[in-house]
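Reading through the structure tokens given below for one structure.
In the working numbering, the protein residues as written are 5 to 332.
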């Protein structure tokens with residue numbers, strides 16, 4: 005099971021597999037990270053696997069598969085994209101059409117003829133330091149290159165709201181600038197936000213989380229609306245790294261995202277932001293795509309665990325069907 009499902013026709017997949025050197029980035033993304041979905045039924049998939057060694061290799065991958073889903077392709081033919089919000093679409097259409105899908109739905113859609121996928125190989129390292137900071141506010145982290153396409157984010161930060169009395173200031177100087185910088189104003193679907201916080205002291209109750217969600221909705225700028233959830237946990241070792249996951253990017257902060265207070269540095273930190281598939285052409289070891297996947301899986305497992313426990317300390321509050329978790 006991959007973090008993303010990749011939809012394409014058999015002809016497009018055949019071209020990528022046969023001409024892998026020409027489509028190196030796309031080939032490596034498919035080979036290492038995605039469930040590939042074709043417009044066929046399961047019997048045809050097994051026939052392809054039996055008759056074609058390239059398809060057999062895709063099927064035998066440890067962490068991803070080769071799937072059939074004719075119903076989803078019917079939606080694709082009707083240009084109904086809301087059921088593909090965390091997927092990758094390789095389409096035989098004009099670049100203006102794929103851009104429209106990326107802008108309106110936050111989906112990674114592209115054709116093999118365009119260079120969009122290669123242009124995303126982006127890394128930005130940063131530091132926030134009270135004596136020599138490279139960032140004066142979080143919004144500067146996204147000035148040079150936006151995170152689009154995206155329609156969802158998961159913020160994981162053990163430091164956030166550790167003193168719930170300070171949550172307004174922490175939001176005003178940190179969470180709101182981050183979210184208002186990354187949410188595309190071209191979206192035609194609601195933006196999904198999930199915030200995973202440490203609640204070992206039990207300072208955040210369900211009612212408090214509900215109140216925070218309602219207040220956040222007033223300050224987050226999104227023409228298409230937002231759906232927000234707060235997920236609590238008490239095990240300090242579950243999430244060692246403070247990170248923001250979006251559909252196709254990974255942002256990391258060593259000491260969390262509560263860095264500014266009243267436009268001054270409150271906590272020093274450093275980190276980076278990366279395209280999930282950064283350096284996938286050249287490096288087969290531990291890269292950000294693995295951290296993105298492992299953290300998403302941990303969040304999904306935490307939500308299932310919280311459903312079973314469901315106390316006023318350990319709980320899921322708000323909209324929990326974040327599209328980043330749709331493939332688990």
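Glycine residues also receive a C-beta, built at the ideal position from the N, C-alpha and C atoms.
With distances taken Cα to Cα, identify the nearest neighbour of residue 285 among 31, 9 and 119. Checked all of 31, 9 and 119; the closest Cα to residue 285 is 31.
Does the distance from the C-beta atom of residue 175 to that of residue 225 stay below 8 Å? In terms of Cβ geometry, residue 175 and residue 225 do not form a close pair [threshold 8 Å].
Which listed residue (243, 13 and 149) has its alpha carbon closest to that of residue 4: Absent from the structure is residue 4, since the part of the chain shown begins at 5 and ends at 332.
In its own chain, which residues sit with a C-beta less than 6 Å from the C-beta of residue 207, not counting the 5 before and 5 after it? Contacts found: 168.
Among 49, 298 and 11, whose alpha-carbon lies nearest the alpha-carbon of residue 78? Of the candidates 49, 298 and 11, the one whose C-alpha sits nearest the C-alpha of residue 78 is 11.
Report buried or exposed for residue 222, applying the criterion of at least 16 other Cβ atoms within 10 angstroms of its Cβ. So residue 222 counts as exposed.
Between residue 248 and residue 198, which are expected to be in contact by the criterion C-beta below 8 Å, what is the C-beta distance as a whole number of angstroms? With a Cβ gap of about 10 Å, residue 248 and residue 198 do not count as contacting.
Are residue 263 and residue 273 close, meaning C-beta to C-beta below 8 Å? Yes, the Cβ-Cβ distance between residue 263 and residue 273 is below 8 Å.
Short of 8 Å in beta carbon distance, which residues of its chain neighbour residue 394, apart from the five on each side in sequence? Order them along the chain. Shown here, the chain extends from 5 to 332; a query on residue 394 therefore has no answer.
N-terminal and C-terminal residue of the alpha helix (DSSP H) that residue 171 is part of: 171 to 174 is the extent of the alpha helix (DSSP H) around residue 171.
Rounded to whole angstroms, what is the Cα-Cα separation between residue 242 and residue 160? The straight-line gap from Cα to Cα measures roughly 10 Å.
With three or more C-beta pairs closer than 8 Å as the rule, is the segment 54 to 65 touching the segment 19 to 37? Output reads yes: the segment 54 to 65 touches the segment 19 to 37.
Threshold first: 3 residues or longer. Then list the beta strand (DSSP E) segments lying entirely within the segment 129 to 206, N to C. DSSP runs (the beta strand (DSSP E)) wholly in the segment 129 to 206: 156 to 161 and 195 to 202.
With a Cβ-Cβ cutoff of 8 Å, do residue 235 and residue 220 count as a contact? The answer is no: Cβ separation not under 8 Å.
Buried/exposed call for residue 8, threshold 16 Cβ in 10 Å: It is buried - the Cβ of residue 8 has at least 16 other Cβ atoms within 10 Å.
Start-to-end residues for the beta strand (DSSP E) that takes in residue 8: Per DSSP, the continuous beta strand (DSSP E) segment holding residue 8 begins and ends at 8 to 11.
Limits of the unbroken alpha helix (DSSP H) element including residue 225: Premise fails: residue 225 is in no alpha helix (DSSP H) and is neither H nor E.
Only counting the same chain, and skipping five residues up and downstream in sequence, which positions put a Cβ closer than 6 Å to that of residue 53? In chain order, 59, 60 and 63 place their CB closer than 6 Å to the CB of residue 53, counting only its own chain and leaving out the 5 sequence neighbours on each side.
Does DSSP put residue 71 in a helix, in a strand, or in coil? When DSSP states are grouped into helix, strand and coil, residue 71 belongs to the strand group.
Would DSSP call residue 109 helix, strand or coil? Reduced to three states, the DSSP call for residue 109 is helix.
State the Cα-Cα distance for the pair residue 69 and residue 283, rounded to the nearest angstrom. Using only the alpha carbons, I get a separation of about 22 Å.
So, is residue 110 buried or exposed, given that buried needs 16 or more other C-beta atoms within 10 angstroms? That one is buried.
Might you give, ordered along the chain, the residues of its own chain that have their beta carbon closer than 6 Å to the beta carbon of residue 152, omitting 5 neighbours on each side? So the qualifying residues of the chain are 188.
Element boundaries [alpha helix (DSSP H), containing residue 51]: Run containing residue 51: 46 to 55, per the alpha helix (DSSP H) assignment.
Determine the direct distance from the alpha carbon of residue 130 to that of residue 277, and round the result to whole angstroms. Our two residues, residue 277 and residue 130, have alpha carbons roughly 8 Å apart in a direct line.
Taking the continuous alpha helix (DSSP H) assigned at residue 122, which residues delimit it? Note, residue 122: alpha helix (DSSP H), 120 to 123.
State buried or exposed for residue 229, treating a residue as buried only when at least 16 other CB atoms are found within 10 Å of its CB. Under this definition residue 229 is an exposed residue.
Are the CB atoms of residue 74 and residue 43 within a distance shorter than 8 Å? With contacts defined by Cβ atoms closer than 8 Å, residue 43 and residue 74 form a contacting pair.
CA nearest to the CA of residue 155, picked from 299, 257, 138 and 112: Comparing C-alpha distances from residue 155 to each of 299, 257, 138 and 112 shows the shortest one belongs to 112.
Span of the beta strand (DSSP E) holding residue 266? No beta strand (DSSP E) contains residue 266, which DSSP labels as neither H nor E.
If you drop the 5 nearest sequence neighbours on each side, which residues of the same chain put their C-beta closer than 7 Å to that of residue 194? Only residues of its own chain outside the window of five on either side were considered, and among them 228, 229, 230 and 231 have a CB closer than 7 Å to the CB of residue 194, listed in chain order.
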